[in-house]
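Encoded as structure tokens, the structure appears first; notes follow it.
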Ligand code: GUN
């Protein structure tokens, strides 16, 4: 079994990005600048956004964190987005999800200038992704492609089973892996809560992407020998033995599935760290496109 080490791979990618930034600076070019908006005080979201900002600093990007209160109106949030859209110093920005219930998420995502949409969530960018045109691929699927690529996991002609059809992971992942691209050309089955006989389907899989958000859902009896397993789950489970009071649990029963797997991502340290590296990659891409 080979561990797909997202922590190490993301560190390598950040190193490469830092080199690019040094080169930009040496050529007197503008430093990439990422902004993030967070509404409210959800603990997990704040942790993620802080990690994104810290990662910016580490690679030499500029970053701006805009923290808005939970009761921010949709109109106020749209105003903040309008300001970032026209701010020439900002190369890309994200609005951390989920948003409070009184705000229409789709309306917010559609207000972001597609050229600054480094999350790749705007319908224009989702459309380009689906058509295999150059665009910002959203961080989680992009990170999974990169991990498979760097570990030379063959996808061409393989049976891939995606569990979960979210707009952020399952849906784009199934589209990307079926496309004619370096990490792609797979025969993809997308499964979800209404799927019948899931186990029969996962037993046929060469590669499984578990992105449904149910801790330790994928068990050893659901996978064949030498499977590749990508675990996108990150549920916080109460754990008094930890300083933080919780531990992160994936969608895969890691210990039992790892015994049958050829490649598997751990949680934490698998897909999670890759998403931040890919957000930085998209921000660098946004900067380079803007200077053209
Ligand atoms: N919430 C969970 N994942 C993401 C992500 O990739 N981007 C944003 N903006 N919010 C998220």
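Numbering (my numbering), first residue to last: 43 to 334.
Glycine included, every Cβ here is placed at the ideal spot set by N, Cα and C.
Just so it is clear, the structure is predicted and the values come from calculations on it, not from any experiment.
Chain-order list of residues whose beta-carbon lies under 7 angstroms from that of residue i (same chain, five-residue window excluded)
i           : result
residue 183 : 211, 214, 215 and 218
residue 308 : 45 and 296
residue 191 : 224 and 225
residue 325 : 74, 76, 103, 133, 134 and 160
residue 221 : 174
Any non-hydrogen atom of the ligand MG within 6 angstroms of residue i CB
i          : result
residue 88 : This structure lacks the ligand MG; the ligands present are the ligand GUN.
Sequence-distant residues of its chain with Cβ nearer than 6 angstroms to residue i (five each side left out)
i           : result
residue 310 : 290
residue 204 : 212, 215, 216, 232 and 251
residue 126 : 77, 132 and 135
residue 52  : 315, 316 and 319
residue 162 : 178, 179 and 180
residue 277 : 257 and 291
residue 55  : 319
Backbone secondary structure at residue i - three-state DSSP
i           : result
residue 190 : helix
residue 108 : strand
residue 231 : strand
residue 294 : strand
residue 60  : helix
residue 275 : coil
residue 225 : coil
residue 201 : strand
residue 123 : helix
residue 236 : coil
residue 247 : coil
residue 321 : helix
residue 281 : coil
residue 136 : strand
residue 76  : strand
Distance cut-off 6 angstroms: residue i Cβ against heavy atoms of the ligand GUN
i           : result
residue 252 : no
residue 391 : Residue 391 lies beyond the stretch modelled for the chain, which goes from 43 to 334, so this question has no answer here.
residue 120 : no
Burial state of residue i (16 or more Cβ within 10 Å)
i           : result
residue 167 : buried
residue 89  : exposed
residue 293 : buried
residue 94  : buried
residue 64  : exposed
residue 264 : buried
residue 323 : buried
residue 171 : buried
residue 146 : exposed
residue 164 : buried
residue 286 : exposed
residue 114 : buried
Other residues of its chain near residue i: CB distance less than 8 angstroms, five sequence neighbours each side excluded
i           : result
residue 62  : 326
residue 138 : 78, 79, 80, 81, 87, 90 and 91
### Query
Got a list of residues with beta-carbon closer than 5 angstroms to any non-hydrogen atom of the ligand GUN, in chain order?
136, 138, 139, 161 and 181
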